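The next block holds one structure in the form of structure tokens; read it before the comments.
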Amino acid sequence: MDLTVLYRGPLASCDYDCPYCPFGKRRDTPEQLRADRAALDRFADWAAGQVGDTLSLLFTPWGEGLVRSWYRETLARLSRLPHVRRVAIQTNLSFRTGWLADADRDTLALWATYHPGEVSHERFLAKCRELTALGVRYSVGVVGEPEHLEPARRLRAELPADVYLWVNAAEGRTYTDPEASRWTALDPLFGYSRTPHPSAGRPCRTGRSVISVDGDGTVSRCHFVRTPLGNLYDGSYRAALGPRPCELAVCDCHIGYVHLETLPLYELFGAGVLERIPHDW
Numbered sequence: 002m003d004l005t006v007l008y009r010g011p012l013a014s015c016d017y018d019c020p021y022c023p024f025g026k027r028r029d030t031p032e033q034l035r036a037d038r039a040a041l042d043r044f045a046d047w048a049a050g051q052v053g054d055t056l057s058l059l060f061t062p063w064g065e066g067l068v069r070s071w072y073r074e075t076l077a078r079l080s081r082l083p084h085v086r087r088v089a090i091q092t093n094l095s096f097r098t099g100w101l102a103d104a105d106r107d108t109l110a111l112w113a114t115y116h117p118g119e120v121s122h123e124r125f126l127a128k129c130r131e132l133t134a135l136g137v138r139y140s141v142g143v144v145g146e147p148e149h150l151e152p153a154r155r156l157r158a159e160l161p162a163d164v165y166l167w168v169n170a171a172e173g174r175t176y177t178d179p180e181a182s183r184w185t186a187l188d189p190l191f192g193y194s195r196t197p198h199p200s201a202g203r204p205c206r207t208g209r210s211v212i213s214v215d216g217d218g219t220v221s222r223c224h225f226v227r228t229p230l231g232n233l234y235d236g237s238y239r240a241a242l243g244p245r246p247c248e249l250a251v252c253d254c255h256i257g258y259v260h261l262e263t264l265p266l267y268e269l270f271g272a273g274v275l276e277r278i279p280h281d282w
């Protein structure tokens, strides 16, 4: 099986305090952190054992994972497995980058988000330059809030040309055509994020070749349709995999709609689907 897995464990703490995020500056208790580490270790052991499958793995923690040693160790470990095609994680780049030298950088990739209100331009750009020097694949993006436009323009001007900068439409915000054109000048694919995509009854790869897994191993088709398909660790999910139409009216998050078969995003992103890098960038 060629399977893409989106993993989200119980970690919910973050070192940033973005006003549009409910997890900003949240603190997990020591017990919660131990539970998250145990859940991640269990998932990593499962992935390491799937030698008959080809896996692509995206970690989408509610909080910031890479400030935790167990996420760094796990990504480096999984990147070195021959049956793992890609391992990627969403991150704010607030971590030290030295551990990446132990990872297979042909397999590991980062989906980085720039939060101008939480980190200086100079500090974030320096992290990007460290990734470039290490030969790490990464994309960089911003949330399309009006106050982020000028910082995003400055970042785009100073990033290497081969680093893709994406823009996520801000939740609940409607963009006029002139507003959208300003963001599209930075991200030619912003149009896909600008408005939610009708999805009810439409074919989607989730639940067939793409699944979502939580810290207990419960498998659902994606992060947004939570109907259980079985459990990862007893293998019961495999019998439930198959083509099925989407149950939701619309899909408005990239990690969901990128898998819609009615959109050309697999063709646009190719092998860079998980780290959000267009194949010809």
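Mapping the sequence shown onto this note's numbering, position 274 (from 1) lands on 275, and the numbers just tick up by one. Beta carbons: idealized from backbone N, C-alpha and C, even for Gly. Given the structure is predicted, the values throughout are model-derived calculations rather than measurements.
With fewer than 16 other beta carbons inside 10 angstroms of its own, D217 counts as exposed. Classified as buried, T108 has 16 or more neighbouring CB atoms from the shown chains inside 10 Å of its CB.
Under the 10 Å beta carbon count, V251 is surrounded by fewer than 16 other beta carbons and is classified as exposed.
Counting along the chain, no beta strand (DSSP E) covers Q51, and no H or E run does either. The Cβ atoms of R73 and W100 sit closer than 8 Å to each other.
Non-local beta-carbon contacts of T185 in its own chain, meaning distances under 7 Å to residues more than five positions away in sequence, involve F191 and G192 in chain order. Bounds of the alpha helix (DSSP H) holding R154 are L150 to E159. Contact between the stretch 247-265 and the stretch 222-235 is established, with three or more Cβ pairs separated by less than 8 Å. Pairing P204 with S210, the inter-Cα distance amounts to about 12 Å. According to DSSP, residue pairing for F60 in a beta bridge involves Y8 and I90. Distance between R27 and S14, taken at the CA atoms: about 5 Å.
Taking a contact as a CB-CB distance under 8 Å, the pair Y165 and P279 counts as one, their CB atoms being some 6 Å apart. By the 16-neighbour rule on beta-carbons within 10 angstroms, A162 is exposed. Counting along the chain, I278 sits inside no beta strand (DSSP E), nor does DSSP assign it H or E at all. Here the C-alpha atom of G271 lies approximately 21 Å from the C-alpha atom of L79.
For the options L230, A201, D235 and G236, the alpha carbon positioned closest to that of G257 is the one of A201. Looking from the CA of G208, the closest CA among Y176, G145 and G231 belongs to G231. Judged by beta-carbon spacing, P117 lies within the 8 Å limit of H149, meaning their Cβ atoms are closer than that value. Residue environment for A104: buried (at least 16 other C-beta atoms within 10 angstroms of its C-beta). Annotated three-state conformation of G173 is coil, per DSSP. In the three-state DSSP reduction, T30 falls in the coil class, being neither helix nor strand.
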